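K.L.:
Chains as they are written, first to last, in the working numbering: chain A, 2 to 140; chain B, 2 to 140. Dropping the structure in here first, questions after.
Protein chains: 2
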Amino acid sequence: MLKKSNLRMTRQRKVILEELQKVDTHPSADEVYAMVRHRLPRISLGTVYRNLEILSESGVIQKLEPGCSLKRFDGNPSDHTHIRCVSCDRVVDAAMTPDLEIDFEQVNSTDFKIIGHRLEFFGLCPQCAEKSNPAEMQA
Amino acid sequence: MLKKSNLRMTRQRKVILEELQKVDTHPSADEVYAMVRHRLPRISLGTVYRNLEILSESGVIQKLEPGCSLKRFDGNPSDHTHIRCVSCDRVVDAAMTPDLEIDFEQVNSTDFKIIGHRLEFFGLCPQCAEKSNPAEMQA
DNA sequence: TTTGCTGCAAATCCTTTGCAGAGGT
DNA sequence: ACCTCTGCAAAGGATTTGCAGCAAA
Chain A
2 MLKKSNLRMT
12 RQRKVILEEL
22 QKVDTHPSAD
32 EVYAMVRHRL
42 PRISLGTVYR
52 NLEILSESGV
62 IQKLEPGCSL
72 KRFDGNPSDH
82 THIRCVSCDR
92 VVDAAMTPDL
102 EIDFEQVNST
112 DFKIIGHRLE
122 FFGLCPQCAE
132 KSNPAEMQA
Chain B
2 MLKKSNLRMT
12 RQRKVILEEL
22 QKVDTHPSAD
32 EVYAMVRHRL
42 PRISLGTVYR
52 NLEILSESGV
62 IQKLEPGCSL
72 KRFDGNPSDH
82 THIRCVSCDR
92 VVDAAMTPDL
102 EIDFEQVNST
112 DFKIIGHRLE
122 FFGLCPQCAE
132 KSNPAEMQA
């Protein structure tokens, strides 16, 4: 289940995973901490962070907003598409924005009022592609 | 040019905007700070942050990664689409993920090696839609 | 002259990390 | 027994904010 074989399924890790799988609210680390504390009152926030990281690296859960350690700014305010390097976080403009023709009714089963969407590509910039061994490439 | 009429075009604000419009590198606040300091050595990082915020609110520039004040986690690791409330940052799952059929060749004029893409919807959740006066709705 | 803006520094928020001891396997 | 994991607390990085003086309008 966990990708790296030298990982241990500790009580804390198990409870974090179980609690996260119970809900569909996409909680933040802090919210997971609050959820887990009902069952493990002495768990630390650091442990929650460490385990969320490990579980998402292992593919058991997923982390939303992958490449956003810091915000970036674009002098061009018009709507266009970006390509982000997953390795160095560099951002470039895409040549064009594909026309999606999305049927909101179909996508949205919720009672959210949809205002728009954002499409982002991710990949490897030439410098990072060169650095990373092609044999062990991981997105 | 600036949306709120009581805003002033100070030297600092002007230089920040000019420098940002010069480049297509999508710099972070810190990088903008470094760029601007060549012309205004005594400018402070706080001023850069304040102005980037004001300029993007005014629509003169844009902030990438709009809704990502903190990371969120999903117990479901499978690939699916999310809808985020622009007001309270809450995230729900979309009913389905539209099939995009994107021609990477066409989108990508760069030498990035594209690995994948991410589509996210944004909108207003029922609670926030109710709170916000429909007459002055701002996305 | 008004009042929004600045530089400075401290505060805040989220996240990561060092350490010594605890606990999976 | 080995070695990963934990709780704790301190450090870290990015961003925000309070304040008194400055400068657009």
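The beta carbon of each residue, even a glycine, is placed where N, CA and C say it ideally should be. Just so you know, these numbers come straight off a predicted model, no measurement behind them.
With a threshold of 7 Å between beta carbons, is residue 81 of chain A in contact with chain B?
P.N.:
Taking Cβ atoms only, chain B never reaches closer than 7 Å to residue 81 of chain A, which makes this a no.
K.L.:
In chain order, what are the residue ranges of uninterrupted beta strand (DSSP E) at least 3 long that sit wholly in the stretch 32-79 of chain A?
P.N.:
The stretch 32-79 of chain A contains no whole beta strand (DSSP E) run of 3 or more residues.
K.L.:
Exposed or buried, what is residue 28 of chain A when buried is set at 16 or more other beta-carbons lying within 10 Å of its beta-carbon?
P.N.:
Under this definition residue 28 of chain A is a buried residue.
K.L.:
Taking residue 85 of chain A as the reference, which of A:30, A:46, A:22, A:127 has the closest Cα?
P.N.:
That would be A:127, whose Cα lies nearest to the Cα of residue 85 of chain A.
K.L.:
Taking the straight line between their C-alpha atoms, what separation do you get for residue 119 of chain B and residue 10 of chain B?
P.N.:
C-alpha separation (whole angstroms): 37 Å.
K.L.:
Taking 7 Å as the CB-CB limit, is residue 29 of chain B close to chain A?
P.N.:
For residue 29 of chain B, the answer is yes, since a Cβ of chain A falls inside 7 Å of its Cβ.
K.L.:
Quick one: is residue 47 of chain A buried, meaning 16 or more other Cβ sit within 10 Å of its Cβ, or exposed?
P.N.:
Classification for residue 47 of chain A: exposed.
K.L.:
Just how far apart, CA to CA, sit residue 58 of chain A and residue 78 of chain B?
P.N.:
Their Cα atoms are separated by approximately 11 Å.
K.L.:
If I measure Cβ to Cβ from residue 131 of chain B and keep anything under 6 Å in the same chain, skipping five residues before and after, which residues do I get?
P.N.:
There are no such residues.
K.L.:
Report the rounded CA-to-CA distance for residue 52 of chain A versus residue 39 of chain A, giving the unit in angstroms.
P.N.:
Spanning the two alpha carbons is a distance of roughly 17 Å.
K.L.:
What separation, rounded to the nearest whole angstrom, lies between the Cα atoms of residue 8 of chain A and residue 129 of chain A?
P.N.:
So the alpha carbons of these two residues sit roughly 28 Å apart.
K.L.:
Between which residues of its own chain and residue 94 of chain B is the CB-CB distance below 7 Å, once the five residues before and five after are set aside?
P.N.:
81, 83.
K.L.:
Would residue 97 of chain A be called buried (16 or more neighbouring beta carbons within 10 Å of its own) or exposed?
P.N.:
Classification of residue 97 of chain A: exposed, given that the 10 Å Cβ count is below 16.
K.L.:
Using a Cβ-Cβ distance under 7 Å, would residue 63 of chain A count as near chain B?
P.N.:
Yes, its Cβ sits closer than 7 Å to a Cβ of chain B.
K.L.:
Between the C-alpha atoms of residue 17 of chain B and residue 6 of chain B, what's the straight-line distance to the nearest angstrom?
P.N.:
In a straight line, the C-alpha of residue 17 of chain B is about 19 Å away from that of residue 6 of chain B.
K.L.:
With DSSP collapsed to three states, give me the class of residue 16 of chain A.
P.N.:
In the structure shown, residue 16 of chain A sits in a helix (DSSP, three-state: H, G or I).
K.L.:
Quick check on DSSP: helix, strand or coil for residue 126 of chain B?
P.N.:
Reduced to three states, the DSSP call for residue 126 of chain B is coil.
K.L.:
Can you pull the chain B residues whose beta carbon is under 7 Å from the beta carbon of residue 35 of chain A, in chain order?
P.N.:
By Cβ distance, chain B contributes nothing, its closest Cβ being about 13 Å from residue 35 of chain A, past 7 Å.
K.L.:
Hey, out of A:116, A:23, A:102, whose CA is closest to residue 88 of chain B's CA?
P.N.:
Taking only the C-alpha atoms, the option nearest residue 88 of chain B is A:116.
K.L.:
Go to residue 89 of chain B, then tell me how far its beta strand (DSSP E) extends in each direction, as first and last residue.
P.N.:
Note, residue 89 of chain B: premise wrong, no beta strand (DSSP E); not H, not E.
K.L.:
Assign residue 143 of chain B to buried or exposed, taking buried as 16 or more other Cβ atoms, counted over all protein chains shown, within 10 Å of its Cβ.
P.N.:
The structure shown does not extend to residue 143 of chain B, since chain B is modelled only from 2 to 140, so the question has no answer here.
K.L.:
Pick from A:64, A:35, A:75: whose alpha carbon is nearest that of residue 92 of chain A?
P.N.:
Minimum Cα distance to residue 92 of chain A is reached at A:75.
K.L.:
Are the CB atoms of residue 44 of chain A and residue 37 of chain A nearer to each other than 7 Å?
P.N.:
A contact, by the Cβ cut-off of 7 Å.
K.L.:
I'd like the list of long-range same chain contacts for residue 121 of chain A, defined as Cβ closer than 6 Å, with 5 residues on each side in sequence excluded.
P.N.:
Only 83 meet the Cβ criterion.
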